[in-house]
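**Q** Sending over a structure as structure tokens; questions will come in a sec.
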């Protein structure tokens, strides 16, 4: 006799298919939104293991950063772009939790990122977050926090205005576009802490620098940075 639980699972699968968010196949466990084949295809950077990596070099001479890393390389049309699109625009928060846990596991394995006190997601402008329903960077932080066992501080920095798209701007234009876009409104929340600022993708580092400079206005703050992806 077929167990009742198995029948219920098979029946629910007809209406709520448990397919891989990467390739769309049904070869997936109920514990992960991505199949093992796609996980193995992710272009990992291993930046977390190396000082003076490409992400850290973004901030040389601009902002004091204790450490910086990105989990994956990002290229147009890639699996990483597909997963990020589902997270940011497709309402698939489970992708963010899952990738956040991967980020947490990578940082946990690196001595360079020991001593972090709290995670801070890069804030979205209020109207954009309301429209989307969530902040994708905060979702990544939630996944990371389950691995790193750290608090997430979401109210220390405010995004003052919505930012026009950076896609077609030059590197210099991106830096200018981000000036004055963030404000540290609760310095006591980060005072004296080693903060890990988290975002989904780093392109020029302009947005992260603008937010990081505000965080560094708090007394005794040490800043590190982690992103899901780094644009090649």
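Residue numbers (this note's numbering): 2 to 233.
Just so you know, even glycine gets a beta-carbon here, dropped at the ideal spot from N, CA and C.
The structure presented is a predicted model; accordingly, all values stated were derived computationally and were not measured.
What are the boundary residues of the alpha helix (DSSP H) that includes residue 85?
**A** Run containing residue 85: 80-90, per the alpha helix (DSSP H) assignment.
**Q** To the nearest angstrom, how far is it from the Cα of residue 27 to the Cα of residue 61?
**A** So the two alpha carbons sit approximately 45 Å from each other.
**Q** Quick one: is residue 41 buried, meaning 16 or more other Cβ sit within 10 Å of its Cβ, or exposed?
**A** So residue 41 ends up on the exposed side.
**Q** How do the segment 156-163 and the segment 102-112 stand: do at least 3 beta-carbon pairs fall below 8 Å, yes or no?
**A** Segments in contact, no.
**Q** Could you check which residue in 221, 157, 145 and 79 has the C-alpha nearest to that of residue 227?
**A** Minimum Cα distance to residue 227 is reached at 145.
**Q** Could you check if residue 65 is buried or exposed, using at least 16 other CB atoms within 10 Å of its CB as the buried criterion?
**A** Counting Cβ neighbours within 10 Å, residue 65 comes out exposed, since fewer than 16 surround it.
**Q** Could you check the C-alpha separation between residue 17 and residue 37 for me, to the nearest Å?
**A** Low local confidence applies: a pLDDT of 42 at residue 17 is under 50, so the model's placement there is unreliable, with the coordinate-based value given in what follows. Roughly 20 Å between the two C-alpha positions.
**Q** Spell out the partners DSSP gives residue 68 in its beta bridges.
**A** DSSP lists 225 as partners of residue 68.
**Q** May I ask you to verify whether the segment 178-198 touches the segment 117-133, counting CB pairs closer than 8 Å and requiring at least 3?
**A** Yes: the two stretches touch, three or more of their Cβ pairs being nearer than 8 Å.
**Q** For a test of the three-state rule: what should DSSP assign to residue 110, helix, strand or coil?
**A** Here residue 110 sits in coil by DSSP.
**Q** So, helix, strand or coil for residue 232, using DSSP?
**A** Residue state, collapsed to three classes: strand.
**Q** Are the beta-carbon atoms belonging to residue 153 and residue 191 less than 9 Å from one another?
**A** No. Outside cutoff.
**Q** Indicate the three-state DSSP secondary structure (helix, strand or coil) for residue 133 in the structure shown.
**A** Residue 133 falls in the helix class under three-state DSSP.
**Q** So, with DSSP's three-state summary, where would you put residue 56?
**A** Three-state result, residue 56: helix.
**Q** Here's a check: name, in chain order, each residue in its chain whose Cβ is nearer than 6 Å to the Cβ of residue 14, leaving out the five neighbours to either side.
**A** Any answer about residue 14 is weak, because its pLDDT of 41 lies below 50 and its placement is not dependable; what the coordinates show is given next. Nothing listed; no residue qualifies.
**Q** If the criterion is Cβ atoms closer than 9 Å, does the pair residue 49 and residue 108 meet it?
**A** In this structure, residue 108 lies closer than 9 Å to residue 49 by Cβ.
**Q** Applying the 10 Å Cβ sphere with the 16-neighbour rule, what's the burial state of residue 112?
**A** Exposed, by the Cβ-count rule.
**Q** Distance check for residue 55 and residue 114, CA to CA, integer angstroms please.
**A** Whole-angstrom Cα-Cα distance: 16 Å.
**Q** In the DSSP assignment, find the unbroken alpha helix (DSSP H) run with residue 40 in it and report its ends.
**A** Segment 37-42, the alpha helix (DSSP H) holding residue 40.
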